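In terms of the working numbering, the sequence shown opens at residue 1 and continues consecutively.
Let me begin by presenting the structure, written as C-alpha cells, before commenting on it.
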Amino acid sequence: MKFVEEYLKLHHLKKHPHKWFLAFLASPIHFAEMHYKKRYHMQFAHARKLFIFDMLLLLTSIVILASGLFWMLYNPTVTDLVYLSIQKQPARILSGDRMDFDILYKNESQTKLVSPTLTIQLPAGYTLEKTEPSDNFDKTNTTFHLADLEPGSEGIVHIFGRVYETPHLETNISASLTYKQAHKNFEEKKITPYIAIFHGSVLKTDLVLANKVLAHSTEPIELKIKNEGDVNITNINISLALPAGINLINPTIKKGEINNNFWKIKELEPNEETTLQAYLNFNLKEQEKTIDLRMTPEIFVNEKSIPQETLKYSLQIIHPNLSINNYWENDTTHLKPGEIVNLYLDLKNNGDTELKNINLNFSLPTNIIDITKFKQNNDLKIQDQTANFVYAQILKPGQSTQIKLSVPVKNYPNGGTDLNLSLNAKVEASLNDITTNYKTNFETSKIKIGTSLIANAEIRYYTNEGDQIGRGPLPAKVGEETKYGAIIQITNGTSRVNNINLSATLPSYIKWTGKSSVSLGNDISFDPTTRKISWSLSSLSANDTAGIYFELSITPDASMINTNPVILKNININVHDTFIDNDLNKSFASLDNSLKTDSIGQLKGTKITQ
1 MKFVEEYLKL HHLKKHPHKW FLAFLASPIH FAEMHYKKRY HMQFAHARKL
51 FIFDMLLLLT SIVILASGLF WMLYNPTVTD LVYLSIQKQP ARILSGDRMD
101 FDILYKNESQ TKLVSPTLTI QLPAGYTLEK TEPSDNFDKT NTTFHLADLE
151 PGSEGIVHIF GRVYETPHLE TNISASLTYK QAHKNFEEKK ITPYIAIFHG
201 SVLKTDLVLA NKVLAHSTEP IELKIKNEGD VNITNINISL ALPAGINLIN
251 PTIKKGEINN NFWKIKELEP NEETTLQAYL NFNLKEQEKT IDLRMTPEIF
301 VNEKSIPQET LKYSLQIIHP NLSINNYWEN DTTHLKPGEI VNLYLDLKNN
351 GDTELKNINL NFSLPTNIID ITKFKQNNDL KIQDQTANFV YAQILKPGQS
401 TQIKLSVPVK NYPNGGTDLN LSLNAKVEAS LNDITTNYKT NFETSKIKIG
451 TSLIANAEIR YYTNEGDQIG RGPLPAKVGE ETKYGAIIQI TNGTSRVNNI
501 NLSATLPSYI KWTGKSSVSL GNDISFDPTT RKISWSLSSL SANDTAGIYF
551 ELSITPDASM INTNPVILKN ININVHDTFI DNDLNKSFAS LDNSLKTDSI
601 GQLKGTKITQ
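Structure representation (C-alpha cells):
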C-alpha cells in the first residue's frame, strides 16, 4: 500500500501525526501484502489460496493463545476484594506477657458473601482467655461463625489471652475467612498470616559463677530463676545437663525438686525468685580454652513443653601446671640418727598463667625429724607439725626455680619399727584475676632411717628403790673390801639389731667377784688375763631392752684416800643395724665409785677414807 509506504516514516510522525497513525493502523495489511508478494506470488499455482489458509492458521493460533492466557489469568473468586487484617497489642512483648489482638474483615466486592467463618490459628503456647464476640465463637476449633457479608460490610473480632513461646524465634499466627459467593456452591478462602517475635521472657534466669575457672577445680555456683510477670507460672523445668568434664555436686534448692537431672518447680508467683546452690567440679582437657554453659527453662503449657530464653554463660578455662621434681642429695637411700640430708625441689611452671605466692606446706614426721633444727636451718614457719615455705616471686609460664631444704634426723627416732622418712607437701599458688587458688601435691622418695641405741652404764651401791646391792663400808675404807654393782642397760630403737657385743676392762685393783646376771642372752664372761669383760647377744628386736648386772669389788690402799678410783673402763657396745645394713657403736666414759646416779650412796659418801 502506497499510503503506508509514504506516511509510515519518522518525519511524518512530527509533521502529519494523524496520517502517520492511519498508516500505522493499516501497516499489518501492508506487511501481509508484502509477505504475499515475496513468498507466494508467482511461486505457487494456488498462491492466493495458500496465503489465505496460512493467515487463517495464524489467526487461529493467536485466538487459542489469547484464550489460554485469559483462562490462566482469570480469577472467578473475589478473595482479592476481601480485606482481612491482624492487629496485635502491644507491639513489643515477652514470652509470658498478655497478647491481645484484633482481626478486621471487610467485603469490598460487589457480591454478597454467605456462610462466612473466621478461623484463627493460635500459637501452641497461647492461653485463650476470652473473645469478643463470644456467642458465635467455637473454642474447640477457634472459629467465629459470622453473619452474611453484604457488599461493603465489615466487622472486627477481639482475642484476649497470654502467650508463652520460645523467644527470638518466629511465631506464626494466621486468620482465614471462608465463605461462598451468593449463587455459587464452591467455597473461597482468604488467609492472612502474622509473624510475631518475642524479645525475651518474663521467666528470667541468672548464673552466679566466676568467669575464669581452673581446668581442674571445684567452683561454687548459684542459679537464680525469677518470675517477672504478673501471673503465676506453673510447671517449670530446667535441665541441669552440663558439658563433658563438668559435674554438678551437692545441689541445694529453695523450691521444687531435682529429679533425673532436671530442676522441677511447680509454681512461681509474680516477682518470686528461687535459687539453686551447688558446686561445679571441672575436669577438662588441656585443649579446652573456653566453654559455654547453656541452661534453658521450659514451661509446660497446653500439654506442650515450651523452651524459654536460654541462659548462656561463657567460661575461660585456665590451665595452671606446676611440675615439682624432688630428689635427695647424693641420691641418699638411708640415714643414721642425728644425720642431716638436703632435699632439692625443682619447680617449673608448665601452665598458661603466672603463679604467685607459691606455698609449700610440708607435713612433718615429728617422730623422725628434729623440728627445732629444721626450723632453724630453713627459716620456716612451723605450726601444728606443718612447715610452711613461701616462694614469694612470680613464676611465669616456662620459668623454673630450685628450693633447697635441710632435713635433720633426730638423735633418737621413735614411733614404730623400720622407719622411712618421706615428706609430702600440699602446694598452693594464687593466680591473676581468679579467686580460686591452684593446688597440687607431691611426695618425696623414701629414706630408710637407722635405729638408735639408748644405753646406760652406772656403778651403784643402792637401787633407786633403796635396796642395798653393795657390800662393805661406804664410803670405802683403806684396807677394807667394798663391793659395788655395775649395771648396763641397752634399749634398742626402731629396727632389729644383731651381733650385739659388750666389752669393758677392769683396772688392776678391781676384783671380779663372779656374781652377775643378764636379762637376755648368754652370761657375762671375764678373762683374768686381759681383765676384759664380754657379753654378746645374737639379736635384739626393735624397741626391746637388755639388762646386764655384775658385781665388782675394791680394797683401797692409802694412795686412794680422798679419791674416787675408776671401777670400770673401756666400755663399748657394738651392734649391726639390719634395716640399713650398718654397724653401730656406743662408747662410755670410765665409771668410778662416785655413784653419780646413786643418790642414797652419795649421801653416805663416796671418796676413799682412812
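Cβ coordinates follow ideal geometry from the N, Cα and C atoms, glycine included.
Remember, it's a predicted structure, so these values are computed and weren't measured experimentally.
Hey, quick one: how far does the alpha helix (DSSP H) through Leu603 stretch, first residue to last? 599-604
Nearest-angstrom Cα distance between Ile554 and Ser587? 24 Å
Unbroken alpha helix (DSSP H) run spanning Thr372, endpoints: 371-378
What is the rounded straight-line gap between the Cα of Gln402 and the Cα of Asn593? 57 Å
Just to confirm, are Ile233 and Leu268 a CB contact at a threshold of 7 Å? yes
Any idea what DSSP makes of Pro320, helix, strand or coil? coil
Report the option in Val114, Thr353, Lys477, Phe282 whose CA atom is closest to the CA atom of Ser559. Lys477
What does the Cβ neighbour count give for Tyr344, buried or exposed, with the cut at 16 atoms within 10 Å? exposed
Can you tell me which of the three DSSP states His168 falls into? coil
At which residues does the beta strand (DSSP E) containing Pro151 begin and terminate? That residue, Pro151, is in no beta strand (DSSP E); it is neither H nor E in DSSP.
Using DSSP with H/G/I as helix, E/B as strand and the rest coil, what is Thr218? strand
Figure out for me which residue from Asp135, Ser422, Ala241 has the closest Cα to the Cα of Leu280. Ala241
Given Ser590, which residues of its chain have a CB within under 6 Å of its CB, disregarding the five upstream and five downstream residues? Val566, Lys569
Boundaries (first-last residue) of the beta strand (DSSP E) holding Gln287: Counting along the chain, Gln287 falls outside any beta strand (DSSP E), and DSSP gives it neither H nor E.
Taking Asn585 and Ser536 to be in contact with their CB atoms under 8 Å, please state how far apart those CB atoms are, rounded to whole angstroms. Going by Cβ atoms, the distance from Asn585 to Ser536 rounds to 15 Å, so no, they are not a contact pair.
Leaving out the 5 sequence neighbours to the left and right, which residues in its chain are closer than 6 Å to Lys106 when beta-carbon positions are compared? Tyr83, Glu154
Would you report the Cα separation of Lys607 and Gln468, rounded to the nearest angstrom? 18 Å
Gly485 burial status per 10 Å Cβ neighbour count (16 or more: buried): buried
Among Thr597, Thr296, Leu65, Ser452, which has the Cα closest to the Cα of Asn582? Ser452
How would you label Gln110, buried or exposed, when you count the other beta carbons within 10 angstroms and need 16 or more for buried? exposed
Is it buried or exposed for Gln308, if we count other Cβ within 10 angstroms and need 16 for buried? buried
Does the stretch 434-447 come close enough to the stretch 413-422 that 3 or more CB-CB pairs lie under 8 Å? yes
Whole angstroms are fine: how far does the CA of Glu188 sit from the CA of Pro116? 10 Å
Below 8 Å on the Cβ atoms is my guess for Gly601 versus Tyr462; work out the distance and round it to an integer in Å. 5 Å
My guess is that Gly338 and Phe282 are in contact by the Cβ rule of under 8 Å, so how many angstroms apart are they, rounded? Incorrect: roughly 47 Å between the Cβ atoms, too far for contact.
Note down, one range per segment and in chain order, each alpha helix (DSSP H) of at least 4 residues found wholly within the stretch 288-359. none
For Glu154 and chain B, any beta-carbon pair shorter than 7 Å? Considering every chain present, this structure includes no chain B. It has just one protein chain.
Close-in-space but distant-in-sequence residues of the same chain around Glu329 (CB under 8 Å, 5 per side omitted): Val341, Asn342, Leu343, Tyr344
For Thr290 and Leu405, what's the separation of their Cα atoms in angstroms? 39 Å
Val63 by DSSP, collapsed to three states: which one? helix
What is the DSSP secondary structure of Ile93, reduced to helix, strand or coil? coil
Run through the DSSP bridge pairs and tell me what Trp20 is partnered with. Bridge partners of Trp20: none, in fact.
What number of angstroms, rounded off, separates the C-alpha of Leu322 from the C-alpha of Asp352? 10 Å
Is it buried or exposed, Ala278, if we count other Cβ atoms within 10 angstroms and call 16 or more buried? buried
Backbone CA spacing between Arg496 and Ile454 [nearest angstrom]: 14 Å
Terminal residues of the continuous beta strand (DSSP E) containing Pro193? 187-197
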